[in-house]
Structure formats: structure tokens, C-alpha cells
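Reviewing the structure listed below.
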Ligand code: C2E
Ligand code: CA
Ligand code: CA
Ligand code: CA
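Residue numbers (the UniProt record's numbering): 454 to 727.
As C-alpha cells, then:
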């Protein structure tokens, strides 16, 4: 039995080593990808709920890892977070998105911000530099923050949000409904918009409980004058239901998948010609 125990232990340690090696290799590749600007930014349409016109885009990072193919940001963002790479990565995406947005003067541009960036007191200075060098109006830029960090550090969050809002940029609460926070609590932070997580919106048609939660959530946000975006809309009826609940903005594959900059420009040309 002792022998078997030792064998199990060794096997476990081997698996740990393999995992650690893969993680290190990933980190090394990611570091190089950021330095060599191998990361790509794609843009997903944000549409007005009543007209279905594109009024903005969300910037989403993509990485085609050499020898491995495309890797999801859900995999490499956490690696960037724990290896000190997130600031460079985040800044790259912000700069690309603001540069791209210069061609789309009528669109808002939303950019995701990781806790690792947000936590840094100098983050607002980085944002100001990007705004200055790209000459984009601050009011067109929305920074999306997830609720996880906010709950851990309410006071620092408040300060960071204040600094960002002083620059004129908008701040949105992302992935709302995926955790435990309430809008009432979050109101104190001065969010300009709430984005309802796909885990809630995907069930709006089938699940009565999800539907009632959505209805109540959107109603509460509206009573506080906070506009609401519903994300993850894959079929028309979901979008219609959420519009009826009071969402003013919709996002999801039904309205457009994340796409290269040039595709957004094409869509915009068609839209403006109509
Ligand atoms: P998120 O910010 O909640 O972004 C929405 C995600 O849902 C995107 O996945 C988008 O492609 C996907 N999505 C949009 N509409 C639909 C739909 O109708 N159905 C389904 N099934 N999915 C939909 P993506 O691009 O893989 O990004 C995943 C997450 O990675 C993002 O979630 C965000 O948290 C993070 N992320 C992506 N880009 C960045 C970035 O530049 N910086 C940071 N910090 N995080 C990023
Ligand atoms: Ca987002
Ligand atoms: Ca989201
Ligand atoms: Ca999400």
C-alpha cells in the first residue's frame, strides 16, 4: 500500500510538472506575442435595441499562438494577469481600439479592463496618454470592469472609477448577474452602464425564473437611470424579450460576431447609405 501511495504521488507530481511547464511555455509565448504585436483586436457590434443600428463596438483580443492555433482569451488573460503581462496587453488593446475608433466617429468603443490594470493607481494616466495620442473624444470610450474585484476592494474601486470618470471616459459594469452583487450596492460606484451576462440572457426564453430575474434587474437599473446592455443574444426573440424589459442596447451573435476592423467599416458604410 505504501508503494502504491508513492507511485500515486509521483504520478501526481509528474502531472503538476507537466502543467507547470505548459504554463511557463504559454507565458513565454504570450510575452513574445505582446512584444512582437502578434495579438489582434476584433470588434463586436453593439446595437440600439429599437432600431438595431450599430451604435458601438466592443474590442476583444485574439491570439493565434504559433504552433497551437487560436487560443481563447479566457485561457490567456488569466495567465497575463498572474505573470505581470496584463498591463502591456491591456494597453495594446486600448491603443488599437482607440486608433480604430478614429475611423468610426459615430461609434462608441468599449474596452475590457482587468483587475490587474484597474488596481494600478497609474492606470488613469495610461488612459489619458492613449486618449491624447489618438485624439479620440473621451466620451466615446467605455471601460468595462467585472464585479469580482469591486467586491474585494470597494474603496479602491471607487477611487479608480472617479479618476477615470474625471477623464471623461465611461465606465460599465460587465458580466452583471454572473456573481452575487446587487445593483443597489453597485449604484454607489457611479457606473454609466450595466452589461447583463450571457449566463442570464441565454435562458430568457425557456426559464421563467431567469426571465423574472432579468425583468426585475433591468427595471431596477432603469429606476436608477443606469442604461442596460444585454449580451449573448443569439436569436431574435431573446433580443425582443430583453428590449421589452427595457434594455436599450443589445449584443450577441444574432447582431454580429466579433470581426476585423475592416468588416465594421463595411457594415457602417452600408448602414450610413441606408
Ligand atoms: P466578455 O467581456 O464578457 O466578452 C463577451 C464574450 O462573449 C466574448 O468572448 C464574445 O465573443 C462572446 N460572445 C458575444 N456574443 C455572444 C453570443 O451571442 N454567444 C456566445 N456564445 N458568445 C458570445 P471572447 O472574445 O472569447 O472573450 C471572452 C472574455 O475574455 C471576455 O468576456 C473578457 O472577459 C475577456 N477578454 C477578451 N478580450 C479582452 C481584453 O482585451 N482584455 C481583457 N482584460 N479581457 C478580455
Ligand atoms: Ca466585456
Ligand atoms: Ca461580458
Ligand atoms: Ca463574460
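Positions of the beta carbon are idealized from the N, C-alpha and C atoms, including for glycine. Here the structure is a predicted model, which is why all the values come from computation and not from measurement.
Delimiting residues of the beta strand (DSSP E) encompassing residue i
i	result
residue 498	493–501
residue 673	First-last for residue 673: 661–676, but that is the alpha helix (DSSP H), not the beta strand (DSSP E).
residue 640	Counting along the chain, residue 640 falls outside any beta strand (DSSP E), and DSSP gives it neither H nor E.
residue 546	Element bounds for residue 546: not the beta strand (DSSP E) but the alpha helix (DSSP H), 539–554.
residue 598	594–599
Residue i, DSSP secondary structure in three states
i	result
residue 523	strand
residue 572	coil
residue 630	coil
residue 483	helix
residue 719	helix
residue 477	helix
residue 647	strand
residue 655	coil
residue 712	strand
residue 536	coil
Nearest candidate by alpha-carbon position, reference residue i, set the options
i	options	result
residue 714	549, 664, 601	549
residue 689	678, 704, 681, 493	704
residue 643	680, 632, 694	680
residue 583	606, 719, 597, 620	620
residue 588	555, 546, 711	555
residue 502	699, 710, 726	699
residue 521	597, 709, 483	483
residue 544	507, 586, 559, 505	586
residue 645	505, 592, 667, 624	624
residue 512	499, 506, 504, 659	499
residue 610	573, 701, 547, 722	573
residue 571	593, 552, 547, 598	598
residue 707	718, 701, 697, 693	693
residue 677	658, 641, 702	641
residue 516	701, 491, 535, 565	491
residue 636	686, 664, 603, 657	603
residue 716	687, 553, 685, 566	553
residue 697	467, 723, 658, 567	658
residue 488	542, 528, 701, 526	542
Nearest-angstrom Cβ-Cβ length linking residue i and residue j, presumed shorter than 8 Å
i	j	result
residue 539	residue 533	4 Å
residue 683	residue 654	5 Å
residue 613	residue 631	Actually they do not touch by this definition, with Cβ atoms about 21 Å apart.
residue 622	residue 596	6 Å
residue 626	residue 647	5 Å
residue 775	residue 496	Absent from the model: residue 775. The displayed extent of the chain is 454 to 727, so no value can be given.
residue 510	residue 546	The Cβ separation is near 12 Å, so there is no contact.
residue 660	residue 628	Incorrect: roughly 19 Å between the Cβ atoms, too far for contact.
residue 721	residue 507	7 Å
Bridge partners - residue i, DSSP secondary structure assignment
i	result
residue 726	Answer is none; residue 726 lacks a bridge partner.
residue 702	501, 682
residue 509	499, 561
residue 517	523
residue 566	598
residue 625	597, 646
First through last residue of the alpha helix (DSSP H) which encompasses residue i
i	result
residue 694	689–698
residue 618	607–620
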